[in-house]
Every structure is written in structure tokens, then in C-alpha cells.
Amino acid sequence: PPGPFGFIASLFSALDDFVDDATSRRLGNGASFYGKRRSGFYGADDAMRKASRRPDVEEDYRGPTGVGYFQWRRDEETGEVQAVTRMKGKVIDRRRELWTKPGDDDE
2 PPGPFGFIAS
12 LFSALDDFVD
22 DATSRRLGNG
32 ASFYGKRRSG
42 FYGADDAMRK
52 ASRRPDVEED
62 YRGPTGVGYF
72 QWRRDEETGE
82 VQAVTRMKGK
92 VIDRRRELWT
102 KPGDDDE
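Everything in the sequence shown is counted per the numbering used here, starting at 2 for the first residue and increasing by one.
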């Protein structure tokens, strides 16, 4: 941001991105499971950094929320990977309306 306080605004924005990544477990190799990082902590050539700050289906975490232990299993009928509970193998429903791309008409 331009102006005399632009440096401070960008500093706090970078700090916010880092704290978001740390609390969402995206530092280290966690970005491969929990979605790409927002912060520039690992440098400009970080392959696991998001391309933009806007939400993206391909780069953000798409797993279930509010569930502690789950596994990814492939459905034999559809071939789609689903999140299931570890103990009983029950499918955990994801909110698909939040993760569909505009123009997808597969439902």
C-alpha cells in the first residue's frame, strides 16, 4: 500500500499471513495436506505458496472441519476421494456448495 504508513500496513499483513499459516498447520510440509501457504515465510520461490489471497478450490484446504481423526479413502463406485472416520469408516460430508467452481454442472 502506498503512503507513509504503507510499510506498517504490509508488515501487519505479512504477520497476519504468517500467524494464519502457523495456526492452520501449513508451515513445513503441512501445506501439502492443509492447503497452500499465504505467507512469504519461505521466500518468493516457495512452490507451496498461494498464487493470490483470494479463495481457490485448488489451493485451499478442502477437508472436513470440526472432525479430529479422519482418513482419505477412494470410493470404488465413483473414484472420488472422500473423508471417512477412522473408527467406523463413516463418510464425513463436506459442504460441496463452498467448493464448487462457477460453471460446474456435475450435480
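Heads up, the beta-carbon is just placed ideally off N, CA and C, and yes, glycines get one too.
Contacts around residue i, its chain only, beta-carbon distance under 7 Å, and the 5 residues preceding and following it disregarded
i	result
A32	R38 and M49
A15	S40 and G41
Backbone secondary structure at residue i - three-state DSSP
i	result
T79	coil
Bridge partners - residue i, DSSP secondary structure assignment
i	result
T86	F71
G38	In the sequence as presented, Gly is not what sits at residue 38; that position holds Arg. Partner(s): R50.
Limits of the unbroken alpha helix (DSSP H) element including residue i
i	result
D61	It is not in any alpha helix (DSSP H) - D61 carries neither H nor E in the DSSP assignment.
I9	G7 to T24
A32	A32 to Y35
Own chain residues within Cβ distance below 8 Å of residue i, not counting five before or after
i	result
T24	none
V92	Q83, A84 and V85
D76	V82 and Q83
Chain-order list of residues whose beta-carbon lies under 6 Å from that of residue i (same chain, five-residue window excluded)
i	result
F19	S40 and F42
Y62	Y35 and G36
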